[in-house]
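Quick note: to get my numbering, add 38 to the position in the sequence shown (first position is 1).
Glycine is no exception: its CB is placed at the ideal position from the N, C-alpha and C atoms.
Quantities reported herein were computed from a predicted structural model and do not represent experimental measurements.
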Amino acid sequence: MSREILFAVLQHLYRAGYIVVAITCDMSPTNMKLWRDLNIGIDTNSHRSNNNIMTTEKQCFITHPLDKSLKIYFYADIPHLLKLARNNLFDSGFYLKGNIVDKRCLEELIKLNASDLKIAHKLSRTHLDAKGTRRQNVKLAAQILSNTNASAIRWCGSNGLLHSDN
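Next up, the structure:
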């Protein structure tokens, strides 16, 4: 969606008596371009202008095109964020309190689950080997990032059962 189309929709809704207070979308390239065009984001944007570095603060809202007293907030959808967090865990890992938690920790949990000790009872190879459309499965991403798995990793790590580098 372009900025022009979004503003036209907001104006039509406003004139019909509806006030939009928030917009939720996935993080597709088209939507991310719209966010950039609207200066929506969580970090600062640095660019050069006349040999000077200019910094523009990004924000999480825009002002309404017809009523400057109204703000419209932008949110990324939670299912998409869960999948991105899972992908980051698999690709780079998380640095937590001086330790790296990554896909290898989950692989070790699966090995431990093969014994009589079931620590992360919902975790399986299906979670780690998801490819193609299975990788889009939100339920699998949520289960990987669950409190149960986090607790299992924490417990195994503190009891010397994880043998990853960290």
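Rounded separation between residue i and residue j - CA only
i	j	result
cysteine 98	proline 117	19 Å
glycine 131	alanine 152	24 Å
alanine 262	valine 176	No answer is possible for residue 262: the residues shown for the chain start at 39 and end at 204.
tyrosine 111	leucine 200	42 Å
Cβ distance (whole Å) where residue i is taken to contact residue j below 8 Å
i	j	result
alanine 179	lysine 135	Wrong, their Cβ atoms sit about 23 Å apart, outside the cutoff.
leucine 127	cysteine 194	About 16 Å; that fails the 8 Å criterion.
methionine 65	alanine 123	Rounded, the Cβ-Cβ distance is 12 Å, inconsistent with contact.
Continuous beta strand (DSSP E) stretch holding residue i: start and end
i	result
tyrosine 52	No beta strand (DSSP E) holds tyrosine 52; the alpha helix (DSSP H) holding it covers 41-53.
valine 139	137-139
cysteine 63	60-63
Nearest candidate by alpha-carbon position, reference residue i, set the options
i	options	result
threonine 164	Trp73, Ile157 and Glu145	Glu145
arginine 41	Val59, Asn77 and Gly55	Asn77
isoleucine 157	Cys143, Gly170 and Asp167	Cys143
proline 103	Leu51, Ser66 and Leu119	Leu51
isoleucine 57	Asn69, Asp64, Glu95 and Lys106	Lys106
histidine 159	Ala188, Lys96 and Ile61	Ala188
Residue i Cβ short of 7 Å to the ligand PLP heavy atom set
i	result
leucine 183	Summarising the ligand content, the structure contains no ligands, and the ligand PLP is consequently not present.
Segment limits, alpha helix (DSSP H) that includes residue i
i	result
lysine 109	First-last for lysine 109: 109-114, but that is the beta strand (DSSP E), not the alpha helix (DSSP H).
Per-residue DSSP class, three states only, for residue i
i	result
isoleucine 148	helix
Residue-chain proximity (residue i, chain C), Cβ-Cβ < 8 Å
i	result
phenylalanine 99	Here there is only one protein chain, and chain C is not present.
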